[in-house]
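Visitor:
Protein chains: 2
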Amino acid sequence: MVTPEQVGERYLAVHHRMLRAVNDEMLGCGLSMARTKLLRRLHEQGPTRQNVLAADFGLSPHSITDLVDGLERMGMAERRPDPTDRRAKLVAITDAGNAKLDEALTVHLEYLDESLAKRLTENERVTLASLLTKLNVAR
Amino acid sequence: MVTPEQVGERYLAVHHRMLRAVNDEMLGCGLSMARTKLLRRLHEQGPTRQNVLAADFGLSPHSITDLVDGLERMGMAERRPDPTDRRAKLVAITDAGNAKLDEALTVHLEYLDESLAKRLTENERVTLASLLTKLNVAR
DNA sequence: TATTGTTATACTCTATAACTATA
DNA sequence: TATAGTTATAGAGTATAACAATA
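So the protein lines, in turn, are chains A and B. Here the first sequence is numbered in my numbering, starting from 1 and rising by one per residue. Here the second sequence is numbered in my numbering, starting from 1001 and rising by one per residue.
#1: I want to know whether the stretch 1083–1101 of chain B touches the stretch 1032–1039 of chain B - three or more CB-CB distances under 8 Å.
#2: Do you know whose CA, among 66(A), 93(A) and 87(A), lies nearest residue 78(A)'s CA?
#3: Which same chain residues, not among the five before or five after residue 1082(B), have their C-beta less than 8 Å away from its C-beta?
#4: With a cut-off of 8 Å on the beta carbons, I'd call residue 140(A) and residue 76(A) a contact; round off their distance for me.
#5: Closest Cβ-Cβ distance between residue 106(A) and chain B: below 8 Å?
#6: Tell me the DSSP secondary structure of residue 61(A) in three-state form.
#7: Contact defined as beta carbons within less than 8 Å: I believe residue 124(A) pairs with residue 1131(B). What is the distance between those atoms, to the nearest angstrom?
#8: Would residue 1031(B) pass as a contact of residue 11(A) if the rule is Cβ separation under 8 Å?
#9: At which residues does the alpha helix (DSSP H) containing residue 1117(B) begin and terminate?
#10: What distance in whole Å lies between the Cβ atoms of residue 1016(B) and residue 33(A), which are believed to be in contact at a cut-off of 8 Å?
#11: Rounded to whole angstroms, what is the Cα-Cα separation between residue 57(A) and residue 1045(B)?
#12: Beta-carbon of residue 1127(B) versus every beta-carbon of chain A: anything under 8 Å?
#13: Going straight from the alpha carbon of residue 80(A) to that of residue 1025(B), what length do you get?
#14: Exposed or buried, residue 1001(B), counting other C-beta atoms within 10 Å across all chains shown (16 or more means buried)?
#15: Report back the beta-carbon spacing between residue 1116(B) and residue 7(A) to the nearest angstrom; my notes put them in contact at under 8 Å.
#16: Using the C-alpha atoms, what's the distance from residue 1020(B) back to residue 1047(B)?
#17: Under 8 Å between the Cβ atoms of residue 67(A) and residue 35(A)?
#18: Measure from the C-beta of residue 1103(B) to each C-beta in chain A and report whether the shortest distance is under 8 Å.
#19: Is the beta carbon of residue 128(A) less than 8 Å from the beta carbon of residue 120(A)?
#20: Just the chain B side, please: which residues come within less than 8 Å of residue 43(A) by C-beta, in chain order?
#21: In whole angstroms, what separates the C-alpha of residue 136(A) from that of residue 1013(B)?
#22: Can you name the start and end residues of the alpha helix (DSSP H) that residue 1129(B) belongs to?
#23: Who are the neighbours of residue 1009(B) on chain A, taking C-beta pairs under 7 Å?
#24: Quick one: does residue 1100(B) have its CB under 8 Å from some CB of chain A?
#25: Alpha carbon to alpha carbon, how far is residue 1018(B) from residue 1028(B)? Give it in angstroms, no decimals.
#26: Opposite residue 78(A) in the DSSP bridges: which residues?
#27: Distance cutoff 8 Å, beta carbons only. Does residue 1013(B) sit that close to anything in chain A?
#28: Could you name the residues of the same chain whose beta carbon sits closer than 6 Å to that of residue 1023(B), not counting the 5 residues immediately before and after it, in chain order?
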């Protein structure tokens, strides 16, 4: 029997392990979770100022500097001057970054989908997806 | 509409954020996720050799040394000689560790349960719990 | 020769605080 | 005086490799 009180405990145990497995998978192809998220944001919304990224991801300005440094060293992103404010910098994804992002998303999402498909039926996955949608509300 | 193919993607977005929130909560009461897990294992299964811990948690021997160092500095765990093998050490939880573990589990599980209760009905939480049970199979 | 754990070294992800350049 | 970003510093969590003690 399952009671609602046991959910938090299971939640922690299961997802901590799953996310770690995905993260290992991602590192294997050269892009960590944090870097993938940032690259994806740049891919979808174009060149963005660092302070906007910090606010949107809930990270400190320093963490963004660090993340962008890493992506820049890898050649996946680049900083450009912001023409409207000489203090600010726009971070943009490069062609190499777009290619890598494509590869990383394919690899890790396929891995996750396979892991889920191994453990859940199609109906259960649909149910999970709808629960996730409800969990995703920021509150 | 929700298709099984979208599940992996949502899974990542939702749980990454949730686990980070829980981890922040846990740091606030002085025990990180990794330390809590280790302390809990020591509480439940008694003094354990470091190589066993490394194997069970899927960590390198060094990571265990590091984690135990941290818990020892906090007075939450201690190393004892293994009477059967002078190379080995048994890691044991202390009284202070047991008290802290109790507090940490209460704080972070209550936080998680509240987060879930804010977003899901009781029936949905029961459904989630049963999905988590299926996801928890190691494969 | 193999195993147990530590030390040395390093990388990622996160933080706060002090600082520089610009607004 | 306030904002954008970097540098300095720090701590957790992870890794590999080299090493000492012991088996």
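Backbone N, C-alpha and C define an ideal beta-carbon position, used for all residues, glycine too.
Guide: So, to answer that:
#1: The stretch 1083–1101 of chain B is in contact with the stretch 1032–1039 of chain B.
#2: Here residue 78(A) corresponds to residue number 78 of the first sequence, with the count starting at 1. Among 66(A), 93(A) and 87(A), the Cα nearest to that of residue 78(A) belongs to 93(A).
#3: Taking the first residue of the second sequence as position 1, residue 1082(B) is located at position 82. If we look at residue 1082(B) and ignore the five residues flanking it on each side, its Cβ neighbours are 1049, 1088, 1089 and 1090.
#4: Here chain A comprises residues numbered 1 to 139, so residue 140(A) is not present and cannot be evaluated.
#5: Here residue 106(A) is taken as the residue at index 106 of the first sequence, counted from 1. No, its Cβ sits nowhere closer than 8 Å to a Cβ of chain B.
#6: Walking along the first sequence from the start, residue 61(A) turns up at place 61. Three-state result, residue 61(A): helix.
#7: Position 124 of the first sequence holds residue 124(A). Position 131 of the second sequence holds residue 1131(B). Yes, residue 124(A) and residue 1131(B) are in contact; Cβ-Cβ is about 6 Å, under 8 Å.
#8: If you number the second sequence from 1, residue 1031(B) lands on position 31. If you number the first sequence from 1, residue 11(A) lands on position 11. Cβ distance not < 8 Å, so residue 1031(B) and residue 11(A) don't count as in contact.
#9: Position 117 of the second sequence, counting from 1, holds the residue named residue 1117(B). It spans 1095–1119 - the alpha helix (DSSP H) in which residue 1117(B) sits, taken as one unbroken run.
#10: Residue numbering aside, residue 33(A) sits at position 33 when the first sequence is read from its first letter. Residue numbering aside, residue 1016(B) sits at position 16 when the second sequence is read from its first letter. Confirmed, Cβ separation roughly 7 Å.
#11: The count along the first sequence starts at 1 and reaches residue 57(A) at position 57. The count along the second sequence starts at 1 and reaches residue 1045(B) at position 45. If I take the Cα positions, the gap works out to 39 Å.
#12: By 1-based counting over the second sequence, the position of residue 1127(B) is 127. Yes, residue 1127(B) counts as interfacial toward chain A.
#13: Along the first sequence, one-based indexing puts residue 80(A) at 80. Along the second sequence, one-based indexing puts residue 1025(B) at 25. Cα to Cα, the separation comes out at about 37 Å.
#14: Walking along the second sequence from the start, residue 1001(B) turns up at place 1. Residue confidence is low: residue 1001(B) scores 46 on pLDDT, short of 50, so the model does not pin down where it sits. No coordinate-derived value is stated.
#15: Against the second sequence, residue 1116(B) aligns to sequence position 116. Against the first sequence, residue 7(A) aligns to sequence position 7. Correct: roughly 6 Å between the Cβ atoms.
#16: To locate residue 1047(B), count along the second sequence from 1; it is residue 47. To locate residue 1020(B), count along the second sequence from 1; it is residue 20. Between residue 1047(B) and residue 1020(B), the C-alpha separation is close to 30 Å.
#17: Here residue 67(A) refers to the residue found at position 67 of the first sequence. Here residue 35(A) refers to the residue found at position 35 of the first sequence. Yes, the Cβ-Cβ distance between residue 67(A) and residue 35(A) is below 8 Å.
#18: As a working mapping, residue 1103(B) is identified with position 103 in the second sequence. Closer than 8 Å: no.
#19: Here residue 128(A) refers to the residue found at position 128 when the first sequence is read from its first residue. Here residue 120(A) refers to the residue found at position 120 when the first sequence is read from its first residue. The answer is yes: Cβ separation under 8 Å.
#20: Numbered from its first residue, the first sequence carries residue 43(A) at position 43. Within 8 Å Cβ-Cβ: nothing; residue 43(A) doesn't reach chain B, min ~14 Å.
#21: As a position in the first sequence, residue 136(A) is number 136, starting the count at 1. As a position in the second sequence, residue 1013(B) is number 13, starting the count at 1. In a straight line, the C-alpha of residue 136(A) is about 8 Å away from that of residue 1013(B).
#22: Within the second sequence, residue 1129(B) is the residue found at index 129, counting from 1. Start and end: 1122–1135.
#23: The count along the second sequence starts at 1 and reaches residue 1009(B) at position 9. Neighbours of residue 1009(B) on chain A, chain order: 109.
#24: One-based indexing of the second sequence puts residue 1100(B) at position 100. False, the Cβ-Cβ gap to chain A never drops below 8 Å.
#25: Here the question's residue 1028(B) lines up with position 28 in the second sequence. Here the question's residue 1018(B) lines up with position 18 in the second sequence. Roughly 16 Å between the two C-alpha positions.
#26: Within the first sequence, residue 78(A) is the residue found at index 78, counting from 1. Answer is 92(A).
#27: Along the second sequence, one-based indexing puts residue 1013(B) at 13. Chain A contact via Cβ: present.
#28: One-based indexing of the second sequence puts residue 1023(B) at position 23. Excluding positions up to five away in sequence, the list reads 1033.
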